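1 is the number of the first residue of the first sequence in UniProt numbering; add one for each residue after it. Just so you know, even glycine gets a beta-carbon here, dropped at the ideal spot from N, CA and C. Quantities reported herein were computed from a predicted structural model and do not represent experimental measurements. One structure below.
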Amino acid sequence: MPELPEVEVTRLSFAQAIQGAVVMAVTMGKPLRWPLGCDVAFLTGCRVLGVGRRGKYLLIELDQGWLLVHLGMSGSLRFAKQLPPVGIHDHFEMVTTQGILRLNDPRRFGAVVYVQSLTDALAVKLLGQLGMEPLSESFDLKLFASGLRQRKTTIKQVLMAGDLVVGVGNIYASEALFMAAIRPTVSAADLSRIRVVRLHAAIKDVLARAVEKGGSTLKDFSSANGQAGYFQLEAMVYGRANMPCKRCDSTIQMIRQGQRSTFYCPVCQKH
DNA sequence: AGAAAATCCTGGTGGC
DNA sequence: TGCCACCAGGATTTTC
Numbered sequence: 001m002p003e004l005p006e007v008e009v010t011r012l013s014f015a016q017a018i019q020g021a022v023v024m025a026v027t028m029g030k031p032l033r034w035p036l037g038c039d040v041a042f043l044t045g046c047r048v049l050g051v052g053r054r055g056k057y058l059l060i061e062l063d064q065g066w067l068l069v070h071l072g073m074s075g076s077l078r079f080a081k082q083l084p085p086v087g088i089h090d091h092f093e094m095v096t097t098q099g100i101l102r103l104n105d106p107r108r109f110g111a112v113v114y115v116q117s118l119t120d121a122l123a124v125k126l127l128g129q130l131g132m133e134p135l136s137e138s139f140d141l142k143l144f145a146s147g148l149r150q151r152k153t154t155i156k157q158v159l160m161a162g163d164l165v166v167g168v169g170n171i172y173a174s175e176a177l178f179m180a181a182i183r184p185t186v187s188a189a190d191l192s193r194i195r196v197v198r199l200h201a202a203i204k205d206v207l208a209r210a211v212e213k214g215g216s217t218l219k220d221f222s223s224a225n226g227q228a229g230y231f232q233l234e235a236m237v238y239g240r241a242n243m244p245c246k247r248c249d250s251t252i253q254m255i256r257q258g259q260r261s262t263f264y265c266p267v268c269q270k271h
């Protein structure tokens with residue numbers, strides 16, 4: 001499930017290679033979450049200036065606008081000079097002078113959206129509510145702490161919401177809370193100062209390590225050059241229900257929070 | 001009104 | 001084998 005590390009690994013794997021390319025043709029398969037927002041023919045002739053990221057969105061900068069790409073929960077991009085024939089789950093393809101960029105997304109919760117500018121209403125709607133970037137200088141401890149104090153729900157659900165800090169999905173929320181020794185069910189507003197400091201550091205640490213490991217490949221994630229990720233092998237709690245804690249041997253618990261699975265160690269994470 | 005909770009979208013999987 | 005419940009991320013809708 002692409003979270004921030006998987007999206008960043010994807011970006012790093014093709015940003016250089018596609019920079020400067022000129023679009024020769026764009027084709028689409030089945031509808032994604034939202035319509036493209038422009039005629040595919042309009043994109044022909046556009047030049048790719050670079051690839052950025054905001055939260056879990058990839059921002060492909062063109063000389064005449066932007067493509068916002070979201071991988072949803074089952075999307076992955078490939079970029080290569082040659083690719084296998086288009087498959088049934090390939091729903092966006094952009095042939096350029098430097099290679100083919102293709103989105104494979106079985107569940108089609110992902111999207112590719114064209115906007116003229118990042119100040120367009122649609123771009124603001126998609127990007128405007130996003131919280132701080134955890135791997136940038138903007139991830140400020142004081143703002144994080146004050147944000148948490150204002151929330152009336154559990155810490156796990158605040159991390160997942162994405163309006164305080166972006167990019168922490170289901171895997172890394174459980175992992176960061178384990179690292180910080182915080183129980184996922186604790187009210188965000190009730191976290192002590194020391195726990196907030198630990199959590200702030202744990203989020204940065206777990207996401208940075210996941211990027212280094214190429215992300216987590218649970219089913220079929222791979223970067224745009226086809227590399228699988230290996231962080232899942234380092235997961236301390238995610239997906240380990242009823243297995244022994246790697247730190248203390250207690251049995252890892254799985255609970256539901258807001259329709260989602262949460263994993264934690266009842267001994268390592270007391271409050 | 002604003003925050004939190006529920007719902008919905010889709011296809012792969014596992015259990016029976 | 002076929003059927004069906006279940007699961008996933010997050011925008012959108014509903015509830016409180």
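Item, Value
"On the premise that G162 lies in contact with E6, defined as a C-beta separation below 8 Å, what is that separation, rounded to the nearest angstrom?", "Going by Cβ atoms, the distance from E6 to G162 rounds to 15 Å, so no, they are not a contact pair."
"Mapping the DSSP letters down to three states, classify G50 as helix, strand or coil.", "strand"
"Rank A176, R209, T185, E212 by C-alpha distance to the C-alpha of V197 and give the top, closest one.", "A176"
"With distances taken from CA atoms, which of S74, G167, L127 is nearest L67?", "L127"
"Taking I155 as the reference, give the member of V9, F14, T262 with the closest Cα.", "T262"
"Go through its chain and collect everything with a Cβ distance to L143's Cβ below 8 Å, but skip five positions before and after it.", "M132"
"Considering only C-alpha positions, which residue in the set G239, G75, Q116 is nearest to V46?", "Going by the sequence as given, residue 46 is Cys instead of Val. It is Q116."
"So is P85 buried or exposed if we call it buried at 16+ other beta carbons inside 10 Å?", "exposed"
"Would you tell me roughly how many angstroms separate the C-alpha atoms of Y114 and L36, rounded to the nearest one?", "6 Å"
"From this set, Q82, N242, A15, F92, which residue's C-alpha is nearest L71's C-alpha?", "F92"
"L103 to G75, Cα distance in whole Å?", "7 Å"
"Start and end of the beta strand (DSSP E) containing T262?", "260-264"
"Give the single residue among L164, Q269, H271, L59 whose Cα lies nearest to the Cα of L12.", "L59"
"Going by CA-CA distance only, name the one from I182, G169, M179, R149 that's closest to E3.", "G169"
"If you follow the alpha helix (DSSP H) that Q157 is in, where does it begin and where does it stop?", "155-161"
"Run through the stretch 13-88 for me and flag every whole alpha helix (DSSP H) of 4 or more residues, listed as ranges in chain order.", "40-43"
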